[in-house]
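Residue numbers (our numbering), protein chains in the order written: chain A, 7 to 296; chain B, 7 to 296.
Printed below as a string of structure tokens:
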């Protein structure tokens with residue numbers, strides 16, 4: 007990495023943060039320029055460039071790929087729909103392997119259209135993950151179940167607490183099987199996003215339960231008061247009420263040793279000049295590190 | 007009750023549902039007219055009429071008071087602020103006693119202004135409830151801790167799951183002390199609102215744990231897909247994705263035998279002619295009863 011700015015160790019940019027301003031090639035170049043050593047692409051951005059070309063460019067800029075967003079979306083009203091989701095996840099695993107991504111993040115999906123059967127959707131998620139795990143292991147790509155905030159239970163993800171995500175991991179992979187012989191992480195684990203879990207009264211016990219083995223990714227942004235939109239009003243680090251310093255310390259105390267990946271879905275920050283967004287993240291990040 | 011419509015047993019109207027259209031006197035009269043045998047006033051509406059006058063009018067119309075909304079809001083940045091909250095809760099208990107309300111609903115409060123200390127706020131909630139419980143018992147008014155959806159953790163209520171609410175109950179009242187000798191309910195329990203808890207993967211075990219003893223109120227409305235506002239976009243029964251029939255059955259199987267209280271905070275339903283709102287609730291309610 008040959009940066010115009012001092013390197014910020016352990017910082018990663020999730021491409022959703024500047025998705026409205028830049029394409030993936032611009033983001034890769036900007037991360038290197040801003041001294042941000044990690045990147046986590048979404049698949050829409052990856053598709054623009056192609057996985058092979060993106061992987062080469064990311065390598066050439068010396069960046070780590072802290073995750074690929076996203077697989078998942080398993081529940082569907084029909085068997086054909088569920089099978090299509092599984093096939094799409096297999097392709098995502100292959101892309102994550104091409105990128106050398108540290109994990110494929112799974113946003114598991116909500117209720118099928120017209121359904122009120124939350125328990126049934128959760129079963130579909132379990133079955134979907136079970137159907138792709140062996141391919142992920144063979145490809146060397148850990149699967150990271152991301153529990154999403156309960157306000158997304160209906161339409162995006164019916165896995166809504168870290169404890170529930172870990173229950174899923176233990177049900178599908180009771181042995182905590184390592185990704186490969188000697189690997190420090192399991193092939194199946196979790197992505198912890200501050201925005202989704204900060205409120206959880208059982209968070210500390212769940213983090214301890216996850217441990218180094220299952221903690222595959224850590225995403226950060228902030229919860230604004232007041233939040234004006236359920237999806238697109240996440241806050242810049244430090245602008246909200248999440249005690250990110252404390253949370254980061256607790257995540258690391260539980261055994262996580264990876265990057266802090268900044269993922270801010272925000273109409274406001276999408277309207278800001280993207281170099282300013284990255285400079286702001288650089289500037290705010292130290293206060294989020296214990 | 008002398009109703010123009012057939013009585014709908016077990017149905018109650020929370021005044022928030024038509025708060026923009028009617029005053030409390032109009033609501034009391036309308037409940038009787040629509041065959042809705044229960045009412046649960048908010049304190050802003052109660053203040054218009056006064057507790058004594060409201061109690062007399064509610065009695066004259068043969069309605070049950072299924073709760074008074076709301077006490078709580080315990081956390082504050084200063085000791086004086088916390089003391090003021092406690093005094094306000096004591097007045098709310100007295101008003102609930104005057105009304106013969108089945109409980110005082112506690113919306114416990116979020117983070118004090120400028121604070122990121124969620125754990126500290128939760129301690130303030132515990133201390134606040136502990137400070138008012140003996141007054142509630144003396145007044146014969148059970149306190150119902152209402153866990154609010156995690157999306158309100160910052161600004162309205164830092165008690166966000168039923169399990170957490172029950173942990174609070176057990177910490178403050180380890181004996182599950184009955185309201186009075188021979189009473190079937192404890193002096194401290196919970197209000198379960200479908201909107202706040204429907205997503206919870208641990209809901210069934212928590213309901214069973216609560217039991218008849220701690221289950222003091224059951225509120226219903228629906229979760230819309232898509233939800234456009236965090237506070238004021240609740241759905242009419244049947245318009246969303248909550249399986250209210252299943253949930254009602256589970257709540258009753260856990261021992262609850264009280265009313266279904268309809269509480270819909272919704273800009274849409276506040277714009278509708280209120281007799282239409284009540285007629286819609288009447289019409290939709292049977293599908294929510296097991």
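Glycine included, every Cβ here is placed at the ideal spot set by N, Cα and C.
Checking contacts by CB at 8 Å: is residue i closer than that to chain B?
i: residue 166 of chain A; result: yes
i: residue 40 of chain A; result: no
i: residue 159 of chain A; result: yes
i: residue 3 of chain A; result: One cannot answer for residue 3 of chain A here, as it falls past the ends of chain A, which runs 7 to 296.
i: residue 311 of chain A; result: Given a span of 7 to 296 for chain A in the structure shown, any question on residue 311 of chain A remains unanswerable.
i: residue 249 of chain A; result: yes
i: residue 117 of chain A; result: yes
i: residue 229 of chain A; result: yes
Is the shortest distance between the beta-carbon of residue i and the beta-carbons of chain A less than 8 Å?
i: residue 233 of chain B; result: yes
i: residue 101 of chain B; result: no
i: residue 151 of chain B; result: no
i: residue 138 of chain B; result: no
i: residue 122 of chain B; result: yes
i: residue 156 of chain B; result: yes
i: residue 236 of chain B; result: yes
i: residue 207 of chain B; result: yes
i: residue 170 of chain B; result: yes
Going by C-alpha to C-alpha distance, which of the options sits closest to residue i?
i: residue 132 of chain B; options: B:149, B:143, B:120 and B:144; result: B:149
i: residue 251 of chain A; options: A:240, A:151, A:228 and A:182; result: A:228
i: residue 88 of chain A; options: A:71, A:103, A:136 and A:63; result: A:136
i: residue 30 of chain B; options: B:61, B:13 and B:11; result: B:61
i: residue 218 of chain A; options: A:202, A:247, A:241 and A:172; result: A:172
i: residue 204 of chain A; options: B:162, B:268 and B:122; result: B:122
i: residue 102 of chain B; options: B:76, B:36 and B:118; result: B:76
i: residue 26 of chain A; options: A:254, A:291, A:273 and A:292; result: A:273
i: residue 181 of chain A; options: A:152, A:220, A:200 and A:202; result: A:220
i: residue 144 of chain A; options: A:124, A:119 and A:104; result: A:104
i: residue 125 of chain B; options: A:275, A:185 and A:249; result: A:249
i: residue 196 of chain A; options: A:235, A:271, A:240 and A:147; result: A:147
i: residue 276 of chain A; options: A:138, A:253, A:247 and A:240; result: A:240
i: residue 246 of chain B; options: B:231, B:138 and B:257; result: B:231
i: residue 91 of chain A; options: A:118, A:11 and A:156; result: A:118
i: residue 12 of chain B; options: B:52, B:285 and B:293; result: B:285
i: residue 202 of chain B; options: B:253, B:108, B:85 and B:279; result: B:253
i: residue 85 of chain A; options: A:134, A:292 and A:200; result: A:134
i: residue 67 of chain B; options: B:120, B:28 and B:10; result: B:10
i: residue 226 of chain B; options: B:108, B:295, B:183 and B:110; result: B:295
i: residue 200 of chain B; options: B:152, B:290, B:24 and B:108; result: B:152
Compute the beta-carbon to beta-carbon distance between residue i and residue j, rounded to the nearest angstrom, for a pair I have assumed lies under 8 Å.
i: residue 74 of chain B; j: residue 34 of chain B; result: With 8 Å as the limit, residue 74 of chain B and residue 34 of chain B do not qualify as a contact, their Cβ atoms being about 14 Å apart.
i: residue 99 of chain A; j: residue 141 of chain A; result: 6 Å
i: residue 71 of chain B; j: residue 288 of chain B; result: With a Cβ gap of about 19 Å, residue 71 of chain B and residue 288 of chain B do not count as contacting.
i: residue 243 of chain B; j: residue 268 of chain B; result: 7 Å
i: residue 198 of chain B; j: residue 224 of chain B; result: 5 Å
i: residue 175 of chain B; j: residue 194 of chain B; result: 5 Å
i: residue 271 of chain A; j: residue 237 of chain A; result: 6 Å
i: residue 280 of chain A; j: residue 53 of chain A; result: Actually they do not touch by this definition, with Cβ atoms about 20 Å apart.
i: residue 257 of chain B; j: residue 222 of chain B; result: That pair is no contact at about 12 Å.
Is the Cβ of residue i closer than 8 Å to any Cβ of chain E?
i: residue 48 of chain B; result: Checking the listed chains, one finds no chain E in this structure; the protein chains it contains are A and B.
Can you confirm whether the stretch 203–220 of chain A touches the stretch 164–182 of chain B when touching is taken to mean that 3 or more C-beta pairs between the two stretches lie within less than 8 Å? Contact between the stretch 164–182 of chain B and the stretch 203–220 of chain A is present, because at least three Cβ pairs lie under 8 Å.
If contact is defined by three or more beta carbon pairs under 8 Å, each pair taking one atom from either stretch, is the stretch 34–45 of chain A in contact with the stretch 91–100 of chain A? By the Cβ rule, the stretch 91–100 of chain A does not count as touching the stretch 34–45 of chain A, because fewer than three pairs are nearer than 8 Å.
Any 3 or more C-beta pairs closer than 8 Å across the stretch 46–65 of chain B and the stretch 20–28 of chain B: Flag = yes, the stretch 46–65 of chain B and the stretch 20–28 of chain B touch.
Say whether the stretch 187–202 of chain A touches the stretch 254–266 of chain B, bearing in mind that this needs 3 or more beta-carbon pairs closer than 8 Å, one atom from each stretch. Output reads no: the stretch 254–266 of chain B does not touch the stretch 187–202 of chain A.
Check whether the stretch 77–91 of chain B touches the stretch 110–117 of chain B, taking contact to mean three or more Cβ pairs, one atom from each stretch, closer than 8 Å. Taking 8 Å as the limit for Cβ pairs, the verdict is that the stretch 110–117 of chain B does touch the stretch 77–91 of chain B.
3 or more residues per run - each beta strand (DSSP E) lying fully within the stretch 35–76 of chain A: As far as the stretch 35–76 of chain A is concerned, its whole beta strand (DSSP E) runs of at least 3 residues are 44–46.
Which runs of the beta strand (DSSP E), 3 residues or longer, sit entirely within the stretch 258–288 of chain A? Complete beta strand (DSSP E) runs here, min 3: 266–268.
List, from N- to C-terminal side, the alpha helix (DSSP H) runs of 4 residues or more that fit wholly inside the stretch 184–272 of chain B. Listed in chain order, the complete alpha helix (DSSP H) runs (minimum 4 residues) inside the stretch 184–272 of chain B are 200–203, 209–220 and 250–259.
Three Cβ pairs or more, each shorter than 8 Å: is that satisfied between the stretch 51–62 of chain A and the stretch 130–146 of chain A? As far as the Cβ criterion goes, the stretch 51–62 of chain A does not touch the stretch 130–146 of chain A, which means the pair count is below three.
Please give me, in chain order, every unbroken run of the alpha helix (DSSP H) with length at least 4 that falls completely inside the stretch 74–158 of chain B. If only complete runs of 4 or more residues are kept, the stretch 74–158 of chain B shows the alpha helix (DSSP H) at 85–105 and 124–145, in order along the chain.
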